[in-house]
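Let me begin by presenting the structure, written as structure tokens, before commenting on it.
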Amino acid sequence: MAEIHVRDLHKNYRVHVKPAGLGASVKSLFHRTYKEVQAVDGISFEIEPGEMVGFLGPNGAGKTTTLKMLSGLIYPSSGSVSVMGFVPWQRKNEYRRQFALLMGQKNQLWWDLPANESFRLHKEIYHIEDDLFKRVHGELTELLEVENLLDQPVRELSLGERMKMELIAALLHSPRVLFLDEPTIGLDVVAQTNIRHCLQQYNQERQVTILLTSHYMRDIEALCDRVLVIDHGRLVHDGLLRDITERFATHKLLQLRFQNGRMPERPEEFGEVTDLTPPRLTLRVPREQVPQCVSHLLDCYDVDDIAIEDPSIENVISALFRQTAEQASDDVVVAETMNG
Amino acid sequence: MRPRYSRILLRFWKNCLLREMTFRGHFILRVFGEVGWVFLLLVFIEVIFSKTSHVRGWSEPQYLFLMGTHMLVTSLFETLFFENCWRISDLVRKGDLDFVLVKPANTQFLLTFERIDFASLANLPVGIALCTYAAIQGGFTITFGHSVLFVLLIGTGVCMLYAMLFMFALTSVWLIRQTGLDALWFYAMSLSRYPAEIYRGFAGGTLWFVCVFVVPVLMVANLPANVMVRTFTTPFIINFIVAAAVLLILSNIALRWALRSYRSASS
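Line by line, the protein sequences give chains A and B. For the first sequence, counting from 1, position 317 maps to 324 in this note's numbering; every step adds exactly one. For the second sequence, counting from 1, position 107 maps to 113 in this note's numbering; every step adds exactly one.
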């Protein structure tokens, strides 16, 4: 039985369209124009217990909206969700005791108090027994190396330190399912690695199910085998991270080094030139033309060294998003409704 | 497993106390502000009663008693509920309501009790002192039964104010930016400070009707004070308590309704 089960989930928002300018603003006091935005447009997936899944997509793709529906914060327009057998937006206490939501851009700790005071409050709200609290609290503070910061007011902590505290607050009640929205945003590389490491270890030790969004490809590459790629509210890929290249990369990179300094006079005939520093040449070639292009180059020139590479996943994904964005602007995704 | 609400409450209050102690200077200034305001009001009453012996049938000791009662009600409300109602708009606008909603405890409980404002508590002993002084000055005979009813009605009045301001605060779910709560509380407090009898004539009468039957703020201090130092009728008291109960139930319904429309500011 899947831990998270999402079927044909939709979320539409009605947003007020406000044209620029004072005149338009005054007009909009009396007559408002709304448009319907499909933030999540019919996505379905399942996540097994103990899986760590990455949620990828550009800004406004619907990642956070989906996480919010899974956490029961907002109601969907249609579709069904079951997490550990619960319907999230019914907000049953039994459900809320078993999951955690961590948002990199928001903080829930009491700003003027040491993090420990917020942890003690969580202990009461989640009804954590003394022994268990002591043990988990000890383990987490050790894992994240923050033992000496526990009695400092949160406002005096650095962003990275604060994020670690937020993570502890989210994990104190030993949740079975963890939703992480940009947990490493704004952190330096050391702090990012630290948090990543902690999540990895935590997932291995406790077999918690984790759904994670991040803008940092590194996070996803390090943590998740499986990714869900969402764009304009639709799921465009559900599978292994490395399959993304195979499925969506339209080109390969050809790196060549020529002998004797003799190089093609018009390299653009073979493909798009991305780098030209004699005697080296890098070409971006459509995948189906690679064999033909390579054999031609090898036949006509003295090639010293040749490498054929896939573009980085990051590049593939950003190209993919650009492509779908162009499509979407042609589609009619916006239905205008008037409200007097 | 039910959440242990009493322990959550204690922890909330402890955290608030810790926070107040961090900002000691701010706390002391606020206490002075609160108490200083009372002395201004006392001067105002003295001026009025230097010209007349009664205001719409209220003698000076009766009037002072009403003022003391009003201080008890407002001090309790401000200590327990004002900050909590006030921050709802902020929670909605910034999307921090998310953290309240994911907690395995009653959402209205968490929203209602998270903060306590200890500085506002300063007026409680001042109110008690004023009531005692007025009672001695006026030579009122006060029975034990009346005192119990007095305390009960003050509690009822505080609950009533809470339910109304809580519902008003919830409108921020739709309006997003909602800073009218201060003004509303100022009106409620200013209106309920005076004897209900002063609201007469067309404008005053309309105001009286609205503030007794529609937005029942007027009686929160008047009714308990009347019970102690003037006259009262039992049906009115029953109606008052029923109204408070209805408002509390409505506040819970309003919360459920508001949460259906909550959009959660994006992160």
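The beta carbon of each residue, even a glycine, is placed where N, CA and C say it ideally should be.
{"Asked": "Considering only residues of the same chain and omitting the five flanking positions on each side of Ile247(B), which have a CB-CB separation below 6 Å?", "Found": "Thr162"}
{"Asked": "Have a look at Leu224(B) and Asn114(A) and give me their C-alpha separation to the nearest angstrom.", "Found": "40 Å"}
{"Asked": "List, from N- to C-terminal side, the alpha helix (DSSP H) runs of 4 residues or more that fit wholly inside the region 248-300 of chain A.", "Found": "250-255"}
{"Asked": "Chain B partners of Ser78(A), CB-CB under 7 Å?", "Found": "Val108"}
{"Asked": "Given that Tyr133(A) touches chain B, what residues does it touch there, using C-beta distances under 9 Å?", "Found": "Pro9, Lys109, Pro110, Ala111"}
{"Asked": "Counting pairs of beta carbons, one from the region 69-88 of chain A and one from the region 10-30 of chain A, are three or more of them closer than 8 Å?", "Found": "yes"}
{"Asked": "Please classify Cys300(A): is it buried, with 16 or more other beta-carbons within 10 angstroms of its beta-carbon, or exposed?", "Found": "buried"}
{"Asked": "Quick check on the DSSP output: what are the complete beta strand (DSSP E) runs of length 3 or more inside the region 36-83 of chain A, in order along the chain?", "Found": "39-54, 59-63"}
{"Asked": "Tell me, to the nearest whole angstrom, how far the beta carbon of Pro67(B) is from that of Gln143(B); I am working on the premise that it is less than 8 Å.", "Found": "4 Å"}
{"Asked": "Could you tell me which of Ile54(B), Ala250(B), Thr80(B), Ile182(B) sits nearest to Ala128(B), measuring between CA atoms?", "Found": "Thr80(B)"}
{"Asked": "Count the other CB atoms, across all protein chains shown, that sit within 10 Å of the CB of Trp274(B); report buried if there are 16 or more and exposed otherwise.", "Found": "Summary: the structure shown does not reach residue 274(B), with chain B confined to residues 7 through 273, and so no result is reported for it."}
{"Asked": "Can you list, in chain order, the residues of its chain whose CB lies under 7 Å from that of Val24(A), leaving out five sequence neighbours each side?", "Found": "Thr40, Tyr41, Lys42"}
{"Asked": "Give me the subset of the region 21-53 of chain B whose CB atoms are less than 8 Å from a CB atom of chain E, sorted by chain position.", "Found": "The structure shown contains no chain E; its protein chains are A and B."}
{"Asked": "Over what stretch of residues does the alpha helix (DSSP H) that includes Thr177(B) continue unbroken?", "Found": "Per DSSP, Thr177(B) belongs to no alpha helix (DSSP H) and is neither H nor E."}
{"Asked": "Is the beta carbon of Ser221(A) less than 8 Å from the beta carbon of Thr252(A)?", "Found": "no"}
{"Asked": "Should Arg127(A) go down as buried or exposed, given a rule of 16 or more other Cβ atoms within 10 Å for buried?", "Found": "buried"}
{"Asked": "Starting from the Cα of Ala7(A), find the closest Cα among Asp138(A), Val184(A), Ser78(A) and give me that residue.", "Found": "The structure shown does not extend to residue 7(A), since chain A spans only 8 to 347, so no value can be given for it."}
{"Asked": "Answer with yes or no whether the minimum CB distance from Ile259(B) to chain A is below 8 Å.", "Found": "no"}
{"Asked": "Residues in the same chain with beta-carbon distance under 8 Å from Gly268(A), minus the five sequence neighbours each way, listed in chain order, please.", "Found": "Pro285, Pro286"}
{"Asked": "Which residues in the same chain have their Cβ closer than 8 Å to the Cβ of Val164(B), if we skip the five residues on either side of it in sequence?", "Found": "Val79, Leu82, Phe83, Leu86, Phe87, Val226"}
{"Asked": "Give the residues from the region 90-104 of chain B that approach chain A closer than 9 Å (Cβ to any Cβ), ordered along the chain.", "Found": "Lys100, Gly101, Asp102, Leu103, Asp104"}
{"Asked": "Since I believe Cys231(A) is in contact with Leu219(A) (beta carbons under 8 Å), could you give me their beta-carbon distance rounded to a whole number of angstroms?", "Found": "7 Å"}
{"Asked": "DSSP three-state call for Ala271(B): helix, strand or coil?", "Found": "coil"}
{"Asked": "Please confirm whether Gln211(A) has its beta-carbon closer than 8 Å to some beta-carbon of chain B.", "Found": "no"}
{"Asked": "Got a sec: which bits of the region 108-123 of chain A sit with their beta carbon under 8 Å from any beta carbon on chain B, in order along the chain?", "Found": "Leu108, Met110, Gly111, Gln112, Lys113, Gln115, Trp117, Asp119, Leu120"}
{"Asked": "From the DSSP output, read off the bridge partner residues of Met110(A).", "Found": "Asp188(A)"}
{"Asked": "For the region 116-156 of chain A, which segments carrying the alpha helix (DSSP H) assignment without a break, of at least 4 residues, lie completely within its bounds, in sequence order?", "Found": "122-132, 137-150"}
{"Asked": "CA-CA distance, Arg269(B) and Ile81(A)?", "Found": "6 Å"}
{"Asked": "Give me, in chain order, the residues of the same chain whose beta-carbon lies closer than 7 Å to that of Gly347(A); leave out the 5 immediate sequence neighbours on both sides.", "Found": "Note that Gly347(A) scores a pLDDT of 32, beneath 50, so its modelled location is shaky; the value from the coordinates is reported in the next line. Result list for Gly347(A): His38, in chain order."}
{"Asked": "Pull the bridge partners of His244(A) from the DSSP assignment, please.", "Found": "Val236(A)"}
{"Asked": "If you check the beta carbons only, do Thr289(A) and Leu242(A) fall under 8 Å apart?", "Found": "no"}
{"Asked": "Can you find the residues in the same chain that come closer than 6 Å, C-beta to C-beta, to Ile50(A), ignoring five residues on each side of it along the sequence?", "Found": "Leu16, Leu242"}
{"Asked": "Spatial neighbours of Ala342(A) within its chain, please: C-beta separation below 8 Å, excluding the five flanking residues on both sides.", "Found": "A caution first: Ala342(A) carries a pLDDT of 36, below 50, which makes its placement in the model unreliable, though a value can still be read off. Taken in chain order, the residues that qualify are Lys42, Glu43."}
{"Asked": "Leu247(A): which of Phe106(A), Ser302(A), Asp119(A), Val60(A) sits nearest, CA to CA?", "Found": "Val60(A)"}
{"Asked": "Check the DSSP bridge columns for Trp92(B) and list the partner residues they point to.", "Found": "Trp92(B) is not bridged to any residue."}
{"Asked": "Quick one: Cα of Phe192(B) to Cα of Gly186(B), how far?", "Found": "10 Å"}
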